[in-house]
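Protein chains in written order, with this note's numbering: chain F, 1 to 113; chain E, 1001 to 1112. Following: one structure in structure tokens, then a few remarks.
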Amino acid sequence: NAGVTQTPKFQVLKTGQSMTLQCAQDMNHEYMSWYRQDPGMGLRLIHYSVGAGITDQGEVPNGYNVSRSTTEDFPLRLLSAAPSQTSVYFCASSYSGYSYEQYFGPGTRLTVT
Amino acid sequence: AQSVAQPEDQVNVAEGNPLTVKCTYSVSGNPYLFWYVQYPNRGLQFLLKYITGDNLVKGSYGFEAEFNKSQTSFHLKKPSALVSDSALYFCAGGGTASKLTFGTGTRLQVTL
Chain F
1 NAGVTQTPKF QVLKTGQSMT LQCAQDMNHE YMSWYRQDPG MGLRLIHYSV GAGITDQGEV
61 PNGYNVSRST TEDFPLRLLS AAPSQTSVYF CASSYSGYSY EQYFGPGTRL TVT
Chain E
1001 AQSVAQPEDQ VNVAEGNPLT VKCTYSVSGN PYLFWYVQYP NRGLQFLLKY ITGDNLVKGS
1061 YGFEAEFNKS QTSFHLKKPS ALVSDSALYF CAGGGTASKL TFGTGTRLQV TL
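Printed below as a string of structure tokens:
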């Protein structure tokens, strides 16, 4: 099993550009989530999904969109990048809900200039 | 709103000595509590969790954590630290809400 994969590993965007961070898991997990990690702030939940076709907002959803058309994939879209979105982004999945162990991807380091 | 606090940015300990990384929480209802570890340039890895049952939870790599309801704490412990335990440790918790809140992380530095 590849586990949770994320692409790209690194990305530089200019302010106002849009892009999609890809996340896929091959463990047939129902629950998937996106976090951003900023120095001194830990991980903050952006969006999560409890199954295909179902998504909900986390703690910091503004400026991001998600969709979950399949169990395997959970892409995160930045609509119009801002410097405040410079961060490391982690995707995670678990069997069913956050109360189960979450498996994290390797992360995407995004810089917005 | 739920919250998780890790009061120490860094913990320094000598190899072979016991270590403790502190965590306190504020969640509604019965808490789900976790410890995750992050090595440089890697994603987080699960160490252990408390859902219900025994207050002392044993996890990976010899780590354990003690759930204390009266003090709303979930401190991570290990009897004998290794240099390879040096990493960033995150406590996380959730209650009746379906979302997990992470602490700000504690950097553990184990020296020879």
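Glycine included, every Cβ here is placed at the ideal spot set by N, Cα and C. Note that this is a predicted model, so its numbers are computed, not measured.
Beta-carbon spacing of residue i, residue j below 8 Å
i, j, result
"T1104 (chain E)", "G1094 (chain E)", "no"
"A24 (chain F)", "D73 (chain F)", "yes"
"F1067 (chain E)", "L1019 (chain E)", "no"
"G63 (chain F)", "Q37 (chain F)", "no"
"W34 (chain F)", "Y103 (chain F)", "no"
"T108 (chain F)", "T15 (chain F)", "no"
"E30 (chain F)", "Y98 (chain F)", "no"
"A1065 (chain E)", "W1035 (chain E)", "yes"
"T1072 (chain E)", "Q1010 (chain E)", "no"
"L1047 (chain E)", "S1060 (chain E)", "yes"
Buried versus exposed call for residue i [16 or more other C-beta atoms within 10 Å across all chains shown]
i, result
"K1049 (chain E)", "buried"
"I46 (chain F)", "buried"
"T7 (chain F)", "exposed"
"L79 (chain F)", "exposed"
"T5 (chain F)", "exposed"
"V1083 (chain E)", "exposed"
"T111 (chain F)", "exposed"
"L1112 (chain E)", "exposed"
"S18 (chain F)", "exposed"
Alpha-carbon to alpha-carbon, residue j and residue i
i, j, result
"T1024 (chain E)", "K1077 (chain E)", "14 Å"
"L1056 (chain E)", "G1062 (chain E)", "13 Å"
"D82 (chain F)", "Q1002 (chain E)", "For the record, residue 82 (chain F) in the displayed sequence is Ala; it is not Asp. If I take the Cα positions, the gap works out to 28 Å."
"K1058 (chain E)", "P1079 (chain E)", "12 Å"
"Q1074 (chain E)", "S1028 (chain E)", "Residue identity differs from the one stated: residue 1074 (chain E) is Phe in this sequence, not Gln. Between F1074 (chain E) and S1028 (chain E), the C-alpha separation is close to 16 Å."
"D1054 (chain E)", "Q22 (chain F)", "39 Å"
"L59 (chain F)", "R44 (chain F)", "Per the sequence presented here, residue 59 (chain F) reads as Glu, with Leu not at that position. Spanning the two alpha carbons is a distance of roughly 6 Å."
"Q106 (chain F)", "V12 (chain F)", "Note that residue 106 (chain F) is Pro in the sequence shown here, rather than Gln. Going from the Cα of P106 (chain F) to the Cα of V12 (chain F) covers about 17 Å."
"A1092 (chain E)", "K9 (chain F)", "25 Å"
"D26 (chain F)", "V50 (chain F)", "16 Å"
"S1070 (chain E)", "V1110 (chain E)", "30 Å"
"P1031 (chain E)", "A1005 (chain E)", "14 Å"
"N28 (chain F)", "T71 (chain F)", "7 Å"
"E40 (chain F)", "L76 (chain F)", "It is worth fixing the name first, because residue 40 (chain F) is Gly in this sequence and not Glu. Cα-Cα distance, rounded: 23 Å."
"L1108 (chain E)", "A52 (chain F)", "38 Å"
"Q57 (chain F)", "Y48 (chain F)", "6 Å"
"M32 (chain F)", "A92 (chain F)", "6 Å"
"L1044 (chain E)", "I54 (chain F)", "25 Å"
"K1022 (chain E)", "K1099 (chain E)", "21 Å"
"Y100 (chain F)", "I1051 (chain E)", "9 Å"
*Between the stretch 1030-1049 of chain E and the stretch 1087-1096 of chain E, do at least 3 Cβ pairs fall closer than 8 Å?*
Result yes; three or more Cβ-Cβ pairs closer than 8 Å.
*Between the stretch 16-35 of chain F and chain E, which residues of the former have a C-beta closer than 7 Å to a C-beta of the latter?*
Cβ contacts with chain E come from no residue of the stretch 16-35 of chain F.
*Residues of the stretch 1048-1069 of chain E whose Cβ lies closer than 8 Å to any Cβ of chain A, in chain order*: Among the protein chains of the structure shown, namely F and E, there is no chain A.
*Taking three-plus beta-carbon pairs below 8 Å as touching, is the stretch 1007-1022 of chain E in contact with the stretch 63-80 of chain F?*
The stretch 1007-1022 of chain E is not in contact with the stretch 63-80 of chain F.
_Short-range partners of chain F found in the stretch 1006-1037 of chain E, where Cβ spacing is below 9 Å_ = Against chain F - using a Cβ distance shorter than 9 Å - the residues of the stretch 1006-1037 of chain E are Q1006, D1009, Y1032, F1034, Y1036.
_Residues in the stretch 1073-1099 of chain E having any Cβ partner in chain F nearer than 7 Å_ = If you check each beta-carbon in the stretch 1073-1099 of chain E against every beta-carbon of chain F, the ones closer than 7 Å belong to F1090, G1094, S1098, K1099.
*Anything in the stretch 96-108 of chain F with a Cβ closer than 9 Å to a Cβ of chain E? List those residues in chain order, please.*
When CB distances to chain E are screened at a threshold of 9 Å, the residues of the stretch 96-108 of chain F falling below it are G97, Y98, S99, Y100, E101, Q102, Y103, F104, G105, P106, G107, in chain order.
*asked:* Taking beta-carbon pairs under 9 Å, can you tell me which members of the stretch 81-93 of chain F lie near chain E?
replied: Answer in chain order: F90, C91, A92.
*Please name the residues in the stretch 41-56 of chain F whose beta-carbon is closer than 9 Å to at least one beta-carbon of chain E, in chain order.*
The residues in question are M41, G42, L43, R44, L45, Y48, V50, D56.
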